[in-house]
Every structure is written in C-alpha cells, then in structure tokens.
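A.B. asks: Structure incoming, see below.
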Amino acid sequence: MTRIVAGVAGGRTIEVPASGTRPTSERVREALFSRLDHADVLDGATVWDLYAGSGALGLEAASRGAAEVVLVEARRAAADVCRRNAARLGLAGVRTVQQRVAAFLERARGPVDVVLADPPYDVGEGELAAALAAVVPHLAPGAVVVVERTSRSPEPAWPAGVVRTGEKRYGETVLWFAEPTTA
300 MTRIVAGVAG
310 GRTIEVPASG
320 TRPTSERVRE
330 ALFSRLDHAD
340 VLDGATVWDL
350 YAGSGALGLE
360 AASRGAAEVV
370 LVEARRAAAD
380 VCRRNAARLG
390 LAGVRTVQQR
400 VAAFLERARG
410 PVDVVLADPP
420 YDVGEGELAA
430 ALAAVVPHLA
440 PGAVVVVERT
450 SRSPEPAWPA
460 GVVRTGEKRY
470 GETVLWFAEP
480 TTA
C-alpha cells in the first residue's frame, strides 16, 4: 500500500499492483507535486498519467485539484487496480483506459495541461521518445510534461515542440520537466 500525500484524499491509502510496477516513492511524489502546485498548473487541469501502474501520480493530481485525469495502463491487472483505487478515493473526473500508451495517444483528444510519464524499466528509449512526440500536438499552452526514470537511464529524447525546463534527482530516481515551445 502507498498513500496519497495531499489534497482532498491526502493520507488515504491506495493499492499497488502485485508485480510489474515500480511505484513512485512518497518523497518523490511530494517533491513533484509541490513543484506542480507552485507552478499553479494543477487546479482545474486535464492530466494524463501514462504508464499509470497503480494510478498514484494521476490520483495525487486529482486529489490536488485536477479536473480531469486519465490513467493509461496497458496491463489488465494494473488497470483494474487503477479503477479500484479511483473508486475507493471517490475522486471526480478520473477514468482509467486499459490500452498501450501509443494506442491511447493515436486517439487522444487534447488539450492536456499535465502529462506524467513514468514508464516501466522495460520500456525502451525509442518507445518513450515516440510517446513524447505523440504528446506534443495535444499540449495546451503552458503545459508541463514530467518524465520519471531511474537515474541510470539517459535523458529522454525531447521531440520538436517541447523544451526541457528542469531535472531533479532523488536517489535512484530522476524527474525531467519540459514544456511546449512558443514558436
């Protein structure tokens, strides 16, 4: 079990899939969402939690004021956990899509304000780069893209249309931040 850090569901626990996921630590989630709160991008936002796992990142966003959250998870068992967690917390505007990220992005409708991408270790850099490129046309002005990886992973290949705005390391975890270019 892990818990939602803050917001209307703060302190409540959520289920974590039995295997195949690597939940974001509470410390990293607290730091990530403090940064997003400080940037004032969550209140009323549309958020896509790609590679959702337990849904912890997207559910944290909903707890902190996001209006619409889409939890995208390919594996059935993990998608079922996302659905149970969303139902248990009773957060409005949260839906789970059981689909590969690439397939979701082919059919997705924007604009999106916050994209949270925390792919499993077995997702290669090429697949992640393709997902980031597919996100770009959907980004709202002022949107934020966050990629979480192990510190042993290379920096994501940022596609045209976004620019890296920051990087923060927390032990074995690194968060990369990007936003749309204003060309």
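Quick note: to get the numbering used here, add 299 to the position in the sequence shown (first position is 1). The beta-carbon is built from N, C-alpha and C at its ideal position, and this holds for glycine as well.
(1) Take the Cβ of residue 333 as the centre, count every other Cβ of all protein chains shown within 10 Å, and call the residue buried at 16 or more, exposed below.
(2) Is the beta carbon of residue 305 less than 8 Å from the beta carbon of residue 390?
(3) Does the structure place the segment 337 to 349 close enough to the segment 361 to 374 that three or more beta carbon pairs sit under 8 Å?
(4) For residue 469, which residues does DSSP report across the bridge?
(5) If you compare alpha carbons, which of 404, 452, 479 and 394 is closest to residue 439?
(6) With a 10 Å radius around its C-beta and 16 neighbouring C-beta atoms as the bar for buried, classify residue 353 as buried or exposed.
(7) Count the CB pairs spanning the segment 377 to 393 and the segment 403 to 419 that are closer than 8 Å, and state whether there are at least three.
(8) Of the choices 398, 468 and 387, whose alpha-carbon is the least far from that of residue 406?
(9) For residue 442 and residue 313, what's the separation of their Cα atoms in angstroms?
(10) Grab me the residues of residue 382's own chain with a C-beta within less than 6 Å of its C-beta, minus the 5 sequence neighbours each way, in chain order.
(11) Please report how far the alpha carbon of residue 432 lies from the alpha carbon of residue 476, in whole angstroms.
(12) For residue 434, name the three-state secondary structure that DSSP assigns.
(13) Restricting to Cα atoms, I'd like to know which of 404, 327 and 376 is closest to residue 435.
(14) Would you kindly report the start and end of the unbroken beta strand (DSSP E) that includes residue 314?
(15) One question on the structure: do residue 414 and residue 462 come within less than 8 Å of each other, judged by their Cβ atoms?
(16) Determine, using beta carbons only, whether residue 428 and residue 400 come nearer to each other than 8 Å.
(17) In whole angstroms, what separates the C-alpha of residue 340 from that of residue 375?
(18) Select from 369, 336, 330 and 359 the residue whose C-alpha is nearest the C-alpha of residue 310.
(19) Select from 410, 300, 317 and 327 the residue whose C-alpha is nearest the C-alpha of residue 446.
C.D. replies: Quick look at the numbers:
(1) So residue 333 counts as exposed.
(2) Going by beta carbons, residue 305 and residue 390 fall outside the 8 Å limit.
(3) Taking a cut-off of 8 Å on C-beta distances, the segment 361 to 374 touches the segment 337 to 349, as three or more cross pairs fall below it.
(4) Paired residues: 472.
(5) In this structure, 479 is the residue among 404, 452, 479 and 394 with its C-alpha nearest to the C-alpha of residue 439.
(6) Classification for residue 353: buried.
(7) No, because fewer than three Cβ pairs between the segment 377 to 393 and the segment 403 to 419 fall closer than 8 Å, the two stretches do not touch.
(8) When 398, 468 and 387 are compared, the shortest CA-CA separation from residue 406 is found for 398.
(9) Between the alpha carbons of residue 442 and residue 313 lies a distance of about 27 Å.
(10) Taking C-beta separations shorter than 6 Å and ignoring five residues to either side along the sequence, the partners of residue 382 in its chain run 395, following chain order.
(11) If you take the alpha carbons of residue 432 and residue 476, they lie about 15 Å apart.
(12) If DSSP states are grouped into helix, strand and coil, residue 434 belongs with the helices.
(13) Among 404, 327 and 376, the Cα nearest to that of residue 435 is on 404.
(14) It is not in any beta strand (DSSP E) - residue 314 carries neither H nor E in the DSSP assignment.
(15) Taking 8 Å as the Cβ cut-off, residue 414 and residue 462 do not qualify as a contacting pair.
(16) No.
(17) Between the C-alpha atoms of residue 340 and residue 375 there is a straight-line separation of about 30 Å.
(18) Ranked by Cα distance from residue 310, the first of 369, 336, 330 and 359 is 359.
(19) Considering only alpha carbons, the answer is 327.
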